[in-house]
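First residue of the sequence shown? That's 430 in my numbering, and the numbers climb one at a time after it.
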Amino acid sequence: MKKFLVILTIVAIGIIFPFLMSEHTNQVVYCDDELSREEIEQIIEESINSQLGDLDFSDFESILNELGKSEKEVFGSSSILDKINQIISGEFSENQESIWTSILNLFFDDVLSFLPLISLVIAIGVAFSMASASRPKSRNKSIGDIIHFVCYGAIIIILVGVTVSMINLTSETIQNIKAQMDVAFPILLTVMTAIGGVVSVGVYQPAVAVLSGTITTIFTTILMPIFIFRLVFSIVSNISNNIKLEKFASFFSSAFKWIVGAVFTIFSAFLTIQGITAGNVDGISFRTAKFAIKNSVPLLGGYLSDSLNLIIASSVLIKNAVGACGLILLFATIIVPVVKLIVFMFCLKFAAAILEPITDSRISNFISMLAKSISLLIVLILGCAFMYVLLSGMIMCTANFF
Numbered sequence: 430m431k432k433f434l435v436i437l438t439i440v441a442i443g444i445i446f447p448f449l450m451s452e453h454t455n456q457v458v459y460c461d462d463e464l465s466r467e468e469i470e471q472i473i474e475e476s477i478n479s480q481l482g483d484l485d486f487s488d489f490e491s492i493l494n495e496l497g498k499s500e501k502e503v504f505g506s507s508s509i510l511d512k513i514n515q516i517i518s519g520e521f522s523e524n525q526e527s528i529w530t531s532i533l534n535l536f537f538d539d540v541l542s543f544l545p546l547i548s549l550v551i552a553i554g555v556a557f558s559m560a561s562a563s564r565p566k567s568r569n570k571s572i573g574d575i576i577h578f579v580c581y582g583a584i585i586i587i588l589v590g591v592t593v594s595m596i597n598l599t600s601e602t603i604q605n606i607k608a609q610m611d612v613a614f615p616i617l618l619t620v621m622t623a624i625g626g627v628v629s630v631g632v633y634q635p636a637v638a639v640l641s642g643t644i645t646t647i648f649t650t651i652l653m654p655i656f657i658f659r660l661v662f663s664i665v666s667n668i669s670n671n672i673k674l675e676k677f678a679s680f681f682s683s684a685f686k687w688i689v690g691a692v693f694t695i696f697s698a699f700l701t702i703q704g705i706t707a708g709n710v711d712g713i714s715f716r717t718a719k720f721a722i723k724n725s726v727p728l729l730g731g732y733l734s735d736s737l738n739l740i741i742a743s744s745v746l747i748k749n750a751v752g753a754c755g756l757i758l759l760f761a762t763i764i765v766p767v768v769k770l771i772v773f774m775f776c777l778k779f780a781a782a783i784l785e786p787i788t789d790s791r792i793s794n795f796i797s798m799l800a801k802s803i804s805l806l807i808v809l810i811l812g813c814a815f816m817y818v819l820l821s822g823m824i825m826c827t828a829n830f831f
């Protein structure tokens, strides 16, 4: 009788247990399927707020507070955290019209600010032409040389003074870009580590160090002196017809371009190849971990795998939003000096074009060479900004495991 009861109990358990398991499993799937879109969005929003609260944006806020009124108008927000939330929610696209309005205002303001300067340079050139035409004709050219030296010296004093301020503006802008790199990339790499992009972080850390350290040092300690040497030779070569230094100015210009091109090529090639490889390795590791969770944990594996997807999705949103916010801040930082340099360059070209037929060719040649030199300063700023954008773009495109 006891054996019969034991056998009957075992059979009953064998019959009832599968139904219980099936019912329990159906309940888990049923609860998972009942999650509405609003509930999922709420879970992601809570995860985003929690992770944003753990990140320190105080240095970012300090950089933003140091910007001028025009830069803040281009940035479109008074707080870094508010801008990140706008990017995540997609509301930042509504400020595009105001950004273009701010840029146009910057352009016209710079034109008006340089107009008196260029008018003065043109007036000096016209006065030189009139004085040269009214001097008594003689075989002795000393009077003409004195008139040229006086007018040329006045133009040099005016334009070189403005050029020095442009050099200082360029150096400050490069230092601001470096400061933004030192603040933005640690946050991006921290979020990437939380996502699971460990291999990618190992690749990008030396790239960040090289960009914020070595490359910015090359730009400020090598390329900036080359620009100054070119400017000096441009001035000296146009003092007299007997001084021939145009080839030296051309040499420094070529050296500048070759150094910039080599830095861009090496950095871009290294970053692109290493970044693509690291992203693939992290993607395989993430999918392997997700597969292991889903198939190794009984009953709750699928639920945990989906929860992991939600957490990773919120982290990816934060990473890309921080990267996009950094790029917008970069744009707001460089737009003012770049527009100012471009306007100054075209004003110089305009003055050289007007003075060429009415004054000595040495004056118009100097103004034209100075305009070409100003374009090198624009290359310095845009070069640093381009490599910042390239590195940020690679980080934003890496570790998106979806």
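For every residue, glycine included, the Cβ atom is placed at its ideal position computed from N, Cα and C.
- Query: Start and end of the alpha helix (DSSP H) containing Pro654?
  - Reply: Following the DSSP letters along the chain, one finds Pro654 inside the alpha helix (DSSP H) bounded by residues 653 to 666.
- Continuous alpha helix (DSSP H) stretch holding Leu806: start and end: Per DSSP, Leu806 is one residue of the alpha helix (DSSP H) stretching across 790 to 826.
- Count the other CB atoms within 10 Å of the CB of Leu588; is the residue buried (16 or more) or exposed (fewer)? Around the C-beta of Leu588, 16 or more other C-beta atoms lie within 10 Å, and the residue is accordingly described as buried.
- Task: Report the three-state DSSP secondary structure of Ile596 (helix, strand or coil).
- Result: Note: Ile596 maps to helix in three-state DSSP.
- Query: Mapping DSSP to helix, strand and coil, what is Lys498?
  - Reply: Lys498 sits in a helix when the DSSP states are folded into three classes.
- Can you name the start and end residues of the alpha helix (DSSP H) that Ile509 belongs to? Where Ile509 is concerned, the enclosing alpha helix (DSSP H) stretches over 509 to 518.
- Could you have a look at Glu785 and say whether DSSP puts it in helix, strand or coil? In the structure shown, Glu785 falls within a coil segment according to DSSP collapsed to helix, strand and coil.
- Find out if the Cβ-Cβ distance for the pair Ser531, Ser507 is shorter than 9 Å. Result no, Cβ atoms of Ser531 and Ser507 do not sit closer than 9 Å.
- Item | Residues of its chain near Phe677, where Cβ-Cβ distance is below 7 Å and the 5 sequence neighbours each way are ignored | Taken in chain order, the residues that qualify are Phe662.
- Cβ-based neighbour list, Leu618, same chain, cut-off 7 Å, excluding 5 preceding and 5 following: Only Val630, Tyr633, Gln634 meet the Cβ criterion.
- Message: Taking the alpha carbon of Val503 as the reference point, which residue from Ser542, Leu784, Met621, Ile763 has its own alpha carbon closest?
- Response: Ranking Ser542, Leu784, Met621, Ile763 by Cα distance to Val503 puts Ile763 first.
- Rounded to whole angstroms, what's the CA-CA distance from Ser821 to Ser542? Just pull it up for me. CA-CA distance, Ser821 to Ser542, rounds to 35 Å.
- Item | Close Cβ partners of Ile771 (< 8 Å) along its chain, the five nearest in sequence each way excluded | Excluding residues within five positions, the ones whose Cβ falls inside 8 Å are Ile807.
- Query: What separation, rounded to the nearest whole angstrom, lies between the Cα atoms of Phe699 and Val591?
  - Reply: If you take the alpha carbons of Phe699 and Val591, they lie about 38 Å apart.
- Cα-Cα separation between Leu674 and Ser683, rounded to whole angstroms: A straight line joining the alpha-carbon of Leu674 with that of Ser683 spans about 15 Å.
- Assign Ile651 to buried or exposed, taking buried as 16 or more other Cβ atoms, counted over all protein chains shown, within 10 Å of its Cβ. Exposed, by the Cβ-count rule.
- Taking the C-alpha atoms as reference points, what is the distance between Met825 and Phe658? Near 39 Å, if we compare the C-alpha coordinates of Phe658 and Met825.
- Do you know how far the Cα of Val555 is from the Cα of Ala608? C-alpha separation (whole angstroms): 46 Å.
- Message: Under 8 Å: do the segment 767 to 787 and the segment 635 to 649 share three or more Cβ pairs, one atom per stretch?
- Response: No, the segment 767 to 787 is not in contact with the segment 635 to 649.
- Would DSSP call Lys778 helix, strand or coil? Residue state, collapsed to three classes: helix.
- Does the beta-carbon of Ala814 have 16 or more other beta-carbons within 10 angstroms, so that it is buried, or is it exposed? The residue in question, Ala814, is buried, as its Cβ has 16 or more Cβ neighbours within 10 Å.
- Rounded to a whole number of angstroms, what is the C-alpha to C-alpha distance between Ile402 and Ile810? Any question about residue 402 goes unanswered here, given that the chain covers just 430 to 831.
- Between Ala623 and the rest of its own chain, which residues show a CB-CB distance below 7 Å, the 5 nearest in sequence each way excluded? Taken in chain order, the residues that qualify are Ser744.
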